[in-house]
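Please read the structure below before turning to the comments.
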Amino acid sequence: MSKPTKASLAVVPEFSTEAQERAYWESHNSTEHLDWTQAEKVNLPKLKPTTKTISLRLPQHLLDSIKVAANSRDVPYQSLIKVWLQEKIRSH
Numbered sequence: 001m002s003k004p005t006k007a008s009l010a011v012v013p014e015f016s017t018e019a020q021e022r023a024y025w026e027s028h029n030s031t032e033h034l035d036w037t038q039a040e041k042v043n044l045p046k047l048k049p050t051t052k053t054i055s056l057r058l059p060q061h062l063l064d065s066i067k068v069a070a071n072s073r074d075v076p077y078q079s080l081i082k083v084w085l086q087e088k089i090r091s092h
């Protein structure tokens with residue numbers, strides 16, 4: 001694939017809503033707009049994922065089973081729950 005020149009790069013349109021921008025990027029490739037060969041790696045050491053505290057009611061026996069599973073894997077049970085939820089979301 002040939003390297004895009006600055007003149008051949010498409011201009012990103014202005015969007016009035018986030019939904020319009022999302023729809024645009026779902027149907028367009030960023031290589032039409034950026035020369036990724038000029039990209040540089042950056043390190044963002046203070047960047048942390050945002051988390052939201054929720055209250056989740058579980059039957060005691062289910063929580064106990066999760067804690068046993070987490071203990072056998074030597075991970076905190078809340079971390080194991082997050083991993084399981086993420087795996088389930090990815091499988092759908």
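In this text, residue positions in the sequence shown follow my numbering: the first is 1, and each later residue adds one. In this text, a Cβ means the ideal position worked out from N, Cα and C, and glycines have one as well. This structure is a prediction, so every number in the text was calculated from the model and none was measured.
- prompt: Going along the chain, which residues of its own chain have a beta-carbon closer than 8 Å to the beta-carbon of residue 79, five neighbours each way excluded?
  reply: 70
field: For residue 48, the three-state DSSP class (helix, strand or coil)
entry: coil
CA nearest to the CA of residue 29, picked from 57, 14, 10, 18: 10
task: Whole angstroms is fine: what's the gap from residue 75's alpha carbon to residue 56's?
output: Just so you know, the alpha carbons of residue 75 and residue 56 end up roughly 19 Å apart.
message: Can you check which of these residues, 16, 81, 15, is closest to residue 62 by C-alpha distance?
response: 81
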